[in-house]
Amino acid sequence: MIVSVIINSSFSRFLLVGVLNTIVGSGSMFFLFNIVSCSYWVSSAMSYVIAGILSFFLNKYFTFHDKGKSYFQIFLFCLNQVACYFLAYFVADKAICFFAAGLSEKLSGNIALFCGMCLFTALNFLGQKFVVFARRKNG
Numbered sequence: 002m003i004v005s006v007i008i009n010s011s012f013s014r015f016l017l018v019g020v021l022n023t024i025v026g027s028g029s030m031f032f033l034f035n036i037v038s039c040s041y042w043v044s045s046a047m048s049y050v051i052a053g054i055l056s057f058f059l060n061k062y063f064t065f066h067d068k069g070k071s072y073f074q075i076f077l078f079c080l081n082q083v084a085c086y087f088l089a090y091f092v093a094d095k096a097i098c099f100f101a102a103g104l105s106e107k108l109s110g111n112i113a114l115f116c117g118m119c120l121f122t123a124l125n126f127l128g129q130k131f132v133v134f135a136r137r138k139n140g
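So the working numbering is basically just the index in the sequence shown, starting at one, shifted up by 1.
Right, here's the structure in full:
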């Protein structure tokens, strides 16, 4: 089952959208963290707000071909984003603090941000595919 999810075309489109989101999101995140000196949480959160808006529209119409109009779907998307964000970045932060305790705060922060991005991508795809943009049967 997992292999068919990875190979199917919605995942390929999701990854293509992800490339664009990665450019926008990671660019803003690392800029905020390294240049503007925002905190780990502010840098990562702001990047996901920016990229999340782009992601919703591209994934809705391009990745999952969802033409329906629903405020509940927007709510589910936001809930999915927030849940995936906190889970991914909390786990990444704790894991890097544990495994890279001797590194500088800046280097361990950058590693945690990168790991959080990867974990977020996997969790976010599953949430969007099976919850937010899942094809629901009427009646």
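Where a beta carbon is used, it is the ideal one built from N, C-alpha and C, also for glycine.
Thinking C-beta only, is residue 131 closer than 8 Å to residue 85? Start at 1 with the first residue of the sequence shown, and residue 85 comes out as number 84. Start at 1 with the first residue of the sequence shown, and residue 131 comes out as number 130. No, Cβ-Cβ distance for residue 85 and residue 131 is not below 8 Å.
What whole-angstrom Cβ distance do residue 89 and residue 124 have, given they're in contact under 8 Å? Numbered from 1 along the sequence shown, position 88 holds the residue referred to as residue 89. Numbered from 1 along the sequence shown, position 123 holds the residue referred to as residue 124. 6 Å between Cβ atoms; contact.
Residue 41: buried (16+ other C-beta within 10 angstroms of its C-beta) or exposed? In the sequence shown, residue 41 corresponds to position 40, counting from 1. Under this definition residue 41 is a buried residue.
Nonlocal neighbours in the same chain, by C-beta distance under 6 Å from residue 46, ignoring five residues either side: Against the sequence shown, residue 46 aligns to sequence position 45. Taken in chain order, the list of residues that qualify is empty.
Does the region 8 to 28 come within contact of the region 51 to 68, defined as at least 3 CB pairs closer than 8 Å? yes
What does a CB cutoff of less than 7 Å around residue 11 pick up in its chain, not counting 5 residues either side in sequence? To locate residue 11, count along the sequence shown from 1; it is residue 10. Contacts found: 64, 65 and 130.
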